[in-house]
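Worksheet for the structure shown next.
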Amino acid sequence: MKAILLKQKQILLFILAGALSAVVEIGSFKIFSVSLPHYFAQEQDFLGIHFPLSNIFSTSSGIITNYFLSIWFVFERGKYSKKKEFAYFMIISFFSTMISLAFFQLFFGFVYLNYFDAGIFVFSQEMLSKISAIVLVSVLNYSVKKKVIFNG
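If you read the sequence shown in the numbering used here, its first letter stands for residue 565, the second for the next number, and so on.
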């Protein structure tokens, strides 16, 4: 019974850490996607890729936030040294980022073709795409990080 409660607590803490990381990622994406096109005109469409730098910078911010929240609140230290643990975390996060960027492009180009007016807030096409990509990749991240890095 204790193991079940501990597992549920860990999943809840992972969701909370993920939500906070997502806030950092989405917030920084909004800042980058508004400001970077002023400096790099191609940011909105670089060879068919929409907001590449905004995605990379915001995802990196979210990953680093998630790493520290994960080691402080979610997972126990694994069998690896801190350096190896961080390296593995970054490698897995790199692949997750590539998957997330691919989902973002699919959502932006084919799914969310317009904004969504939620009444008190309007979600732009890029924000809907970013949020959807984060949600899809988060499930994969939990499973892989728990099993590979933190001794699931």
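Each residue gets a CB set at the ideal place from its N, CA and C atoms; glycine is no exception.
Coil, strand or helix - residue i by DSSP
i, result
"residue 578", "helix"
"residue 644", "coil"
"residue 714", "coil"
7 Å Cβ cutoff met for residue i and residue j
i, j, result
"residue 657", "residue 627", "yes"
"residue 706", "residue 692", "no"
"residue 622", "residue 653", "no"
"residue 586", "residue 637", "no"
"residue 551", "residue 601", "Here the chain has residues from 565 to 716 only, and residue 551 is not among them."
"residue 664", "residue 703", "no"
"residue 686", "residue 625", "no"
"residue 649", "residue 579", "no"
Status (buried if at least 16 other CB within 10 Å, exposed otherwise) for residue i
i, result
"residue 618", "buried"
"residue 710", "buried"
Practice task
Could you tell me which uninterrupted alpha helix (DSSP H) segments, each at least 4 residues in length, are contained entirely in the region 591-638, listed from first to last along the chain?
Solution key: 616-633
Problem - Complete alpha helix (DSSP H) runs within the region 668-712 (minimum length 4 residues, chain order) - result: 689-708
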